Every structure is written in structure tokens, then in C-alpha cells.
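Asks: Here it is, the structure in full.
2 protein chains.
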Amino acid sequence: MSQHRQPGASGRTGAIPALPDLPEATVSRLPEYLRALHALADAGHETVSSEGLANAAGVNSAKLRKDLSHLGSYGTRGVGYDVALLVDQISSVLGLTQCRTVALVGVGNLGHALAGYDGFANRGFRIAALVDADRSRVGEVINGLVVRHVDELPQIVAEESISIGVIATPAPAAQAVADQLVAVGVTSILNFAPCVLSVPDGVDVRKVDLAIELQILSFHEHRKASLTALPATGGSALTALPGGFAATDTQEAIGT
Amino acid sequence: MSQHRQPGASGRTGAIPALPDLPEATVSRLPEYLRALHALADAGHETVSSEGLANAAGVNSAKLRKDLSHLGSYGTRGVGYDVALLVDQISSVLGLTQCRTVALVGVGNLGHALAGYDGFANRGFRIAALVDADRSRVGEVINGLVVRHVDELPQIVAEESISIGVIATPAPAAQAVADQLVAVGVTSILNFAPCVLSVPDGVDVRKVDLAIELQILSFHEHRKASLTALPATGGSALTALPGGFAATDTQEAIGT
DNA sequence: AGGTGTTTGTGAAGGGGTGCACAAATCGCG
DNA sequence: CGCGATTTGTGCACCCCTTCACAAACACCT
Numbered sequence: 001m002s003q004h005r006q007p008g009a010s011g012r013t014g015a016i017p018a019l020p021d022l023p024e025a026t027v028s029r030l031p032e033y034l035r036a037l038h039a040l041a042d043a044g045h046e047t048v049s050s051e052g053l054a055n056a057a058g059v060n061s062a063k064l065r066k067d068l069s070h071l072g073s074y075g076t077r078g079v080g081y082d083v084a085l086l087v088d089q090i091s092s093v094l095g096l097t098q099c100r101t102v103a104l105v106g107v108g109n110l111g112h113a114l115a116g117y118d119g120f121a122n123r124g125f126r127i128a129a130l131v132d133a134d135r136s137r138v139g140e141v142i143n144g145l146v147v148r149h150v151d152e153l154p155q156i157v158a159e160e161s162i163s164i165g166v167i168a169t170p171a172p173a174a175q176a177v178a179d180q181l182v183a184v185g186v187t188s189i190l191n192f193a194p195c196v197l198s199v200p201d202g203v204d205v206r207k208v209d210l211a212i213e214l215q216i217l218s219f220h221e222h223r224k225a226s227l228t229a230l231p232a233t234g235g236s237a238l239t240a241l242p243g244g245f246a247a248t249d250t251q252e253a254i255g256t
Numbered sequence: 001m002s003q004h005r006q007p008g009a010s011g012r013t014g015a016i017p018a019l020p021d022l023p024e025a026t027v028s029r030l031p032e033y034l035r036a037l038h039a040l041a042d043a044g045h046e047t048v049s050s051e052g053l054a055n056a057a058g059v060n061s062a063k064l065r066k067d068l069s070h071l072g073s074y075g076t077r078g079v080g081y082d083v084a085l086l087v088d089q090i091s092s093v094l095g096l097t098q099c100r101t102v103a104l105v106g107v108g109n110l111g112h113a114l115a116g117y118d119g120f121a122n123r124g125f126r127i128a129a130l131v132d133a134d135r136s137r138v139g140e141v142i143n144g145l146v147v148r149h150v151d152e153l154p155q156i157v158a159e160e161s162i163s164i165g166v167i168a169t170p171a172p173a174a175q176a177v178a179d180q181l182v183a184v185g186v187t188s189i190l191n192f193a194p195c196v197l198s199v200p201d202g203v204d205v206r207k208v209d210l211a212i213e214l215q216i217l218s219f220h221e222h223r224k225a226s227l228t229a230l231p232a233t234g235g236s237a238l239t240a241l242p243g244g245f246a247a248t249d250t251q252e253a254i255g256t
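Chains as they are written, first to last, in full-length UniProt numbering: chain D, 1 to 256; chain F, 1 to 256.
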């Protein structure tokens, strides 16, 4: 967090949704709750207890209740939460009531897969434009979309109201692409390139680095191997590896 | 963290590496430091100051120093850190001195891209096996590897010493695949399927959900739009939110 | 209506992470 | 050899987050 929000700045009662200024940790878990709720709705459940939803989302039930309490009181004591109501509430808070359009830059190996990934459309995102800096790829059709040149970004943003830019280029090209996205008014970027982007204030960048995830797993694997190789100091339960970060913080990040 | 380690259990001086029991937040940042260090080494730098490395990794310099201090004192006051030495140290701590082999399950859209992603090989990981449950895909050659059936996992693990399993299947199939991986002895899983996996203690699962990242961005986008629509109570700066959270987080991992 | 059982919402305690600010340590130079 | 400049390593205070535990609230049954 680069800066803390000033304490009273969000009070502002009277506005339409009255933004509750959610803790960042809560925001990062809301999408997981939403996914679990959709699954429960598909399974026919009309209400869920905090315990049930917490299990489906892989978190502690107390944590779930506190998270939801930040959105307001949408549960009924003795009964639980109304699934449909909660879906609407969380969707609204996340800004998913309107379908958000995404521009994807870089149609290499990874970009190709992202362009065809159906997990986006299922959850309220529409890839509206494919862009690449390599003119030899311009014109190629992927999943019904024509690849356009990165220089056309201004027109593209004018045509479709792009709200998020996804960077799937090689690392050396990423910063230039980010600059171009910012220049045409994009204020949210999802970066798959393994490098740090520098952007002006007001622009959000989230980074996903597939290799980093593997390296973190490698660390734990390494540690587990070292421990089991030791003659067991005094604790006998080393085989079970009580240690654990097993499924907790894991099982949901990107949390960390 | 599902459980805390008992206070004195890790002291155990005398073992070969003397595992320092790193904070989880530090572990999630080490890969980013490693990437930045490689870039610096390629650029010809032999030493870096904490300030320089922190900038390259997108973190605070004090945080970086504290993180590195957990590994031991490998810096020289008044000079900085030896790049090559630090690369070796971090690689060693992360267990990257040996090349780790990965089995990838699910060669659909996403799996296909992961199989061809060169970011893995570059950083010490080798995809040693491609596996799918769909027999119509078995035999297909991707990036020089033949797709094999998931039932062959026992033989595959016997041939290659698999240390990490990557699940890139649709959500409904993920749990069954995880069970099979665990059954053949895999204790680290990277899960791209949008669902919660349940695994026994001792098995680490990290989850990467591309749609969740977009939803988190959507929230901030939504909030920014609501705020700018307001007459601005007092705060004008919206804060870029460059920092992030553990694992897959903003501008640095996942993160978390 | 009243009692009982269930579940939410939250106060409070504790742990962990972050960042400031400074002392200790090292280098280079006169 | 001593001094100043530079940079690391870390004690400390603060803040956020997590978790426990419990009172308040609601539904259902008799």
C-alpha cells in the first residue's frame, strides 16, 4: 500500500452505494466467495450458513462473517445468508453489474491462451480487443477477434470502453505497453510479464507471475525435504509434517 | 497458516543448511528479488545497494534489507550486496539449485500455453510430463512432449522424479486430479482451476485464478469511478496502490 | 406466547508485517 | 592512521489482519 486513505474521506453518506472502504484483504477474498456462491446456487441452495460458505471458499468461518459484515448486514441470525442476495451484493461491490471490457496486449503463447480462456466470459469480462506490437501477427484471427496493432490503441479505446488492460508480452516490451495503455486512459492493468511496471498514481497494477508461484512451492518442497531428512529433534510427528502452511494461505492467494 | 511451529523446534544448529524458518511474506518476495538480481547481473552489475535492488523489485528498501537479513548477513556495509553471491544464496534457499521437474495435467487451452511457456525453463523448472484425462488428446505432441493419459501417473513419477504438479483442467476435474497426484506422492500443487482443493496435511497447494485478479481490479476501477463522480470531499489523490499482497498480488506477487 | 436452538455480528486479544530511524560497520581518501 | 561518507542490519512503534468467544437476534416448536 503506497498510501493510507485518510480516515474520514470515505464517510460521505448520501451517495448511491456509500462505498464502505473495504480492507484490501477482504476485497481479495470477495471473488472467491462469489465463485463459491455461484456454485451453491447452481446446486440449488437458497441459503447458506457462514460455516457452509466458508468451507466452499476455503476460509475460516469467522473471517468470512467479518468480511461480509463490512458489506453490511445481509444475513439472518439463526438461518444464514440468502445466496441470491449475497451474489447481487458482492457483484455490486466488485463493480461487476456492468460487463467489463478487456484489452489484451500480446498474443504470443500466453496471450493466445488468455484470448481463448472461457473463465473470463463466465465471470463478467469480455475481451474486446487483441493487440500486438508485431505487425506480422496483425490481422490474425483468434477466437473470432482480429489482432490489431498496438498503435491503434487510441481508436480501440474510443470504440470500446476499455476498463482493464492485460499485458501478456515479453518482459522487455511490457513497460512501453503499459505507458501506451496509461496514455490512452486505462487505469487498471493486469501484468503477466515478469517485470516491475512503473505507472503514475491512480493506476492500479496487479502482477501474476507463473514462475514465482512455482518458486514458492519449490521453497516449501525444499524445506519439507530437509526436515524429513533430519533425525527428528524431539517431535516424532515429522512425517506428517504438521508444519504447515498446507491448504490455508495457499488455497487462495494470491494473497499473498 | 494452519498451525504455528513450536518455538524451539527449528533451532537445530548443525544441520547442513540450518533452515532459517523464513516469514511467509518474505518467501513470497524472494523470487522477485531473484528475478531482479538476474536482470542486474545481465546488465553487468557486480554489487547492488538495497535501494537499487528494492527499486528493481518494486519494494521498500527497508523491507528488502529485513527480508535479506533473515537469510543471514550477506551484505557489506558501505558497499551493498554482491549480486552473484546473493543469487546463489536465494537460489539455495528456494531449493532451486537442483532443476525441479513439473508434471502438467490438462492440456486444454491454458495447459497448452503453459506447456509452451518459456518462463519456466528460464528459471529452473522443467516440464517433464504432459498428462490429460481425455484419451482423444493422448499421443498429441506439444513442444516436443507427448501427452500421456492421467492413469499413467505412477509410471511417470517413477521415471522422472516429479516434485510439483500443475493442474490446468476444468474445475470439475480438478479435485480428482489432485487426489491422483497426492496418491503418487506429489506434495506440491499449483492449481489453475477455479475451485478449492482439499488435500491432506503436508501437501502444499497454491492457487492462481486469472478471473479473480480481474475482479479485484474491477473493484478498484469501480471505486475510482464512484469517487471521481463525487464532488471530492477532501482527498484528491487516489493512490496507485502499487504494493500488493502475498502471492499473486499487485506489482509483486502473489501475494499473496 | 414463551422457550429453545441455531447462527450472525462484533468486541477484544494476539500475531505478523511494515517502515522509520539510527547505530554499527566498512570503504576510500587525505 | 584517522576521518568522513555510505550503506547495512535492526530495535521499535504502529497498523492491519486473524481468531476466539460471546451476546444479540431470529426461527421454529409446543
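Beta carbons: idealized from backbone N, C-alpha and C, even for Gly. These figures come from a predicted structure and were not determined experimentally.
1) If D:G165 and D:V107 are in contact, beta carbons under 8 Å, what's the gap, nearest whole angstrom?
2) Does the beta-carbon of D:G144 have 16 or more other beta-carbons within 10 angstroms, so that it is buried, or is it exposed?
3) Please classify F:T187 as buried or exposed, where buried requires at least 16 neighbouring CB atoms within 10 angstroms.
4) Can you list, in chain order, the residues of its chain with a C-beta nearer than 6 Å to that of D:A193? Leave out the 5 residues immediately preceding and following it.
5) Which chain F residues are close to D:S69, counting only those with a beta carbon under 8 Å from its beta carbon?
6) Output the boundary residues of the alpha helix (DSSP H) element that contains D:D42.
7) Closest Cβ-Cβ distance between D:I167 and chain F: below 8 Å?
8) Taking F:L34 as the reference, give the member of F:L86, F:G52, F:A43 and F:G75 with the closest Cα.
9) Is D:F125 helix, strand or coil when you go by DSSP?
10) Would you kindly work out how many angstroms separate the C-alpha atoms of F:F219 and D:R137, rounded to a whole number?
11) At the 8 Å Cβ level, is D:L214 part of the contact set with chain F, yes or no?
12) With three or more C-beta pairs closer than 8 Å as the rule, is the segment 208–227 of chain D touching the segment 200–218 of chain F?
13) How many angstroms separate the CA atom of D:D88 from the CA atom of D:E160?
14) Per DSSP, D:G108 forms a beta bridge with which residues?
15) Starting from the C-beta of D:L153, find all residues in its chain whose C-beta is less than 6 Å away, skip the five residues before and the five after it, and write them out in chain order.
16) Just mark D:A237 as buried or exposed, buried being the case when its beta carbon has 16 or more other beta carbons within 10 Å.
17) Listing by chain order, which chain D residues have their CB less than 9 Å from the CB of F:K224?
18) Give a yes or no on whether 8 Å exceeds the smallest Cβ distance from D:G106 to chain F.
19) Quick one: does D:E51 have its CB under 8 Å from some CB of chain F?
20) Measure from the alpha carbon of D:H38 to the alpha carbon of each residue in D:V177, D:L114 and D:D82, then state which is nearest.
21) Roughly how far, in whole angstroms, is the beta-carbon of F:T47 from the beta-carbon of F:G95, given that I think they are within contact range, below 8 Å?
22) Assuming F:V131 contacts F:V150 under a Cβ cut-off of 8 Å, what Cβ separation, rounded to an integer in Å, is found between them?
23) Using the Cα positions of D:R135 and D:L110, report the straight-line distance between them to the nearest angstrom.
24) Within 8 Å of any Cβ in chain F, is that where the Cβ of D:H45 sits?
25) Rounding to the nearest angstrom, what Cα-Cα distance links D:C99 and F:V102 in this structure?
26) Give the single residue among F:L22, F:A225, F:A25 and F:I212 whose Cα lies nearest to the Cα of D:A121.
27) How many Å lie between F:E221 and F:A36 at the Cα?
28) What's the gap between the Cα of D:V59 and the Cα of F:C195?
29) Chain F partners of D:A54, CB-CB under 8 Å?
30) Please tell me whether F:G95 has its Cβ less than 8 Å away from any Cβ of chain D.
31) Return helix, strand or coil for D:V177, following the three-state DSSP convention.
32) Just to check, is the beta-carbon of D:P200 closer than 7 Å to a non-hydrogen atom of the ligand ADP?
33) For F:R100, does the three-state DSSP call read helix, strand or coil?
34) Could you name the residues of the same chain whose beta carbon sits closer than 8 Å to that of D:A41, not counting the 5 residues immediately before and after it, in chain order?
35) Quick check on F:P31: buried or exposed, where buried means 16 or more other Cβ atoms within 10 Å of its Cβ?
36) When the Cα of D:S50 is compared with those of D:G44, D:V199 and D:A62, which residue comes out closest?
Replies: Answer, in terms of the structure:
1) Wrong, their Cβ atoms sit about 14 Å apart, outside the cutoff.
2) exposed
3) buried
4) I167, T169, A171 and A174
5) Within 8 Å Cβ-Cβ: nothing; D:S69 doesn't reach chain F, min ~17 Å.
6) E24 to D42
7) no
8) F:L86
9) strand
10) 33 Å
11) yes
12) yes
13) 25 Å
14) Answer by DSSP bridge pairing: none, since D:G108 is not bridged.
15) Q180 and V184
16) Summary for D:A237: the model assigns pLDDT 39, below 50, so the residue's position carries little reliability; its value from the coordinates is reported in the next sentence. Answer is exposed; the Cβ neighbour count stays below 16.
17) T187, S188, G202 and D204
18) no
19) no
20) D:D82
21) Not quite, the Cβ-Cβ distance comes to about 25 Å (not below 8 Å), so this is no contact.
22) 5 Å
23) 18 Å
24) no
25) 36 Å
26) F:I212
27) 29 Å
28) 13 Å
29) Correct list: empty, because the minimum Cβ distance to chain F is about 10 Å.
30) yes
31) helix
32) Questions concerning the ligand ADP fall outside what the structure shown contains, since it holds no ligand whatsoever.
33) strand
34) V83, A84 and V87
35) buried
36) D:A62
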